[in-house]
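Q:
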Amino acid sequence: MRTPDTYTNQEFYHKMYEDSDISKEDLVILTCAIFIASIGLNMNSQATIIGAMLISPLMSPILAIGTALAIYDQELLKRAVKTLGIEVLLSVLVASIYFYFSPISYASQEIINRTAPTLWDALIALFGGTAGIIGARKKTINNIVPGVAIATALMPPICTVGYGIASKNLSYATGAGYLFIINAFFIILTTYAGVKALRMPSRQKVEAEPRLTKHKRIFYIGLTALILLPSVISAKSLVQKSILDASVKNFATEELTHATIIKQSIDEKDKILRFTIAGNDYTDAHIDQLQNDLKHYGLSGYELKITQIAELSQLSGKQFEDYISSIIESHQNANTQAENSEETSDYAKINATIQKMDETVITDVASATGYLNDEEIELVVIQTKNDLTKDYQEKLTKQIQKKYPQIAKVYYVTEKNE
């Protein structure tokens, strides 16, 4: 039963019809929302992004599309689709221009969050759309529609598409585009169902001609399944990753209790667990035992790799010499085995560049990670043909650290002539 604060069907139809059009004012508001959302994504500011969602006019044509499908109104449908198309194209264009000229080019966490939609995003859009159509039927000002705008987040994914285009990152652009499609589609779907469920008695039906043919309902059901399928697959992957992360966390907490873990990573493709820890307390036998214990944490099939970083400030003269020698030896073995990991490749590029600074003197360069005064540091060991003067070492060190500020220490060793 209709209450005084809700629209009649005819009033609601006229409201949807008016909101489905696009005006100059809407374009200005949309442009402002795009810039606000893009800046928020760029600066990783959630509050700024929420502000953009609240002022964005994207919700109106989406609700109008759902209404048009429910009442079989082709004229309203064409009008709303045209408006939504213009708004989406403008949003992508403006966001692409902003990110192209933005001095901050890296992907913030807020951007990354919009690139891998899952089933939960579809559920948010589904429930949000249900609340949205109820809120849209109310005459009085309420917080339902703004809440739906925040929950379903239509503006950030479009701006992330712009970031993907500007940065030439196809995976980001397609992932964010898919998130927008999920949100828009399920809001349309719930609007369709809501308008059907909340319609007034037949004597108050909206008379809208011409109507869409009923056989297209089968098409919409198939389209729903098709759109939902990738998000279900993505959700499955997310659940599996969450279980894996929890298993690795339990392993680290219980088995590496006395270790200071500096860095850890999971290579799901090659099934490798990597831990970088401070100190040299773990023997090969101990590491082999830890490898066997992986099965107790649901990590059978994974290979454990532990990198132990020396505390440089606690090494004696002889220990320090041995440590530097081990870096050179490990580097030479890595070259022999031609390891192709991304990390090794990055180190190889740095080493090659440093060696070219003076190839007449430098015979080898090895990069490594050290642990000094409770801080992880990057260091470089340079092997030379002859002993270098202190002044030349200082000059070369400054040159290296100017090009690679992350390198905290540079050590020099003379090549041994046997």
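If you count the sequence shown from 1, position 277 lands on 794 in our numbering, and the numbers rise without skipping.
Think of the CB as a built atom: it goes at the ideal place given N, C-alpha and C, for glycine as much as any other residue.
#1: Quick one, are the C-beta atoms of L636 and L740 less than 9 Å apart?
#2: Residue range of the beta strand (DSSP E) that A670 falls in?
#3: Which of the three DSSP states is assigned to Q825 in this structure?
#4: Which same chain residues end up closer than 6 Å to Q918 when comparing Cβ atoms and leaving out the 5 residues on each side of it in sequence?
#5: Under the rule that 16 or more other beta-carbon atoms within 10 Å means buried, what is A581, buried or exposed?
#6: Report yes or no: do three or more beta-carbon pairs, one from the stretch 583-603 and one from the stretch 669-676, lie closer than 8 Å?
#7: R654 and F529: beta carbons closer than 9 Å?
#8: Count the C-beta pairs between the stretch 894-902 and the stretch 874-886 that are closer than 8 Å, then say yes if the count reaches three, no if not.
#9: Roughly how many angstroms lie between the CA atoms of L601 and P578, to the nearest whole one?
#10: According to DSSP, is S684 part of a helix, a strand, or is it coil?
#11: Out of K685, S684, G692, which has the shortest C-alpha to C-alpha gap to I675?
#12: By Cβ distance below 6 Å, which residues in the same chain neighbour V942 in space, the five residues on each side in sequence not counted?
#13: May I ask you to report which of helix, strand or coil DSSP gives S619?
#14: Can you name the start and end residues of the beta strand (DSSP E) that T927 belongs to?
#15: Where does I650 sit, in a helix, a strand or coil, going by DSSP?
#16: Select from I621, N559, F616 the residue whose C-alpha is nearest the C-alpha of E627.
#17: What span of residues does the alpha helix (DSSP H) with N809 cover, start to end?
#18: Determine the DSSP secondary structure at V878, reduced to helix, strand or coil.
#19: Less than 7 Å between C-beta atoms, sequence neighbours within five positions excluded: which residues of the same chain meet that for I699?
#20: Roughly how many angstroms separate the alpha carbons of N767 and Y814, rounded to a whole number?
#21: Shortest alpha-carbon distance to G652 belongs to which of G711, S625, L586, S619?
#22: In terms of DSSP beta bridges, what is F792 paired with?
#23: Once DSSP output is grouped into helix, strand and coil, what is the label at I917?
#24: Is the CB-CB distance between I572 and I553 below 9 Å?
#25: Just to confirm, is the Cβ distance from G664 to I705 under 9 Å?
#26: Round the Cβ separation of F616 and Y680 to the nearest angstrom and send it over; I've been treating them as touching at under 8 Å.
#27: Among I567, E820, R791, E771, whose alpha-carbon lies nearest the alpha-carbon of I551?
#28: Can you tell me which of the three DSSP states I603 falls into?
#29: Taking I794 as the reference, which of T870, A569, T523, T774 has the closest Cα?
#30: In this structure, what does DSSP give as the bridge partners for K655?
A: Quick answer:
#1: For L636 and L740, no; Cβs fall outside 9 Å.
#2: Per DSSP, A670 belongs to no beta strand (DSSP E) and is neither H nor E.
#3: In the three-state reduction of the DSSP assignment, Q825 falls in the strand class, which pools E and B.
#4: Answer for Q918: I924, listed in chain order.
#5: By the Cβ-count criterion, A581 is buried, with 16 or more other Cβ atoms from all chains shown falling within 10 Å of its own Cβ.
#6: The stretch 583-603 vs the stretch 669-676: no contact.
#7: Yes, they are a contact pair.
#8: Judged by Cβ distances under 8 Å, the stretch 894-902 makes contact with the stretch 874-886, as three or more pairs qualify.
#9: So the two alpha carbons sit approximately 6 Å from each other.
#10: Of the three classes helix, strand and coil, the one that applies to S684 here is coil, per DSSP.
#11: The candidate whose alpha carbon is nearest that of I675 is G692.
#12: In the structure displayed, the chain extends from 518 to 935; residue 942 sits before or after that span and is not available.
#13: DSSP places S619 in coil when its eight states are reduced to three.
#14: A small fix is needed here, since residue 927 is Val in this sequence, not Thr. If you look at V927, you'll find it in the beta strand (DSSP E) that goes 924-931.
#15: Of the three classes helix, strand and coil, the one that applies to I650 here is helix, per DSSP.
#16: The closest CA to that of E627, considering only I621, N559, F616, is found on N559.
#17: Per DSSP, N809 belongs to the alpha helix (DSSP H) from 801-810.
#18: Here V878 sits in coil by DSSP.
#19: Its chain contains P634, D638, A639, A642, I744, S748 as the residues whose beta carbon lies nearer than 7 Å to that of I699, once the 5 sequence neighbours on both sides are disregarded; these appear in chain order.
#20: Between the C-alpha atoms of N767 and Y814 there is a straight-line separation of about 7 Å.
#21: The option with the nearest alpha carbon to G652 is G711.
#22: According to DSSP, which records beta bridges pairwise, F792 is partnered with Q781, I823.
#23: DSSP places I917 in helix when its eight states are reduced to three.
#24: Contact check for I572 against I553 passes: the beta carbons are separated by less than 9 Å.
#25: With contacts defined as CB atoms closer than 9 Å, G664 and I705 fail to qualify as a contacting pair.
#26: That pair is a contact at about 5 Å.
#27: Comparing Cα-Cα distances from I551 to each of I567, E820, R791, E771, the minimum goes to I567.
#28: In the structure shown, I603 sits in a helix (DSSP, three-state: H, G or I).
#29: Nearest C-alpha to I794: T774.
#30: Looking at the DSSP assignment, K655 forms a beta bridge with T523.
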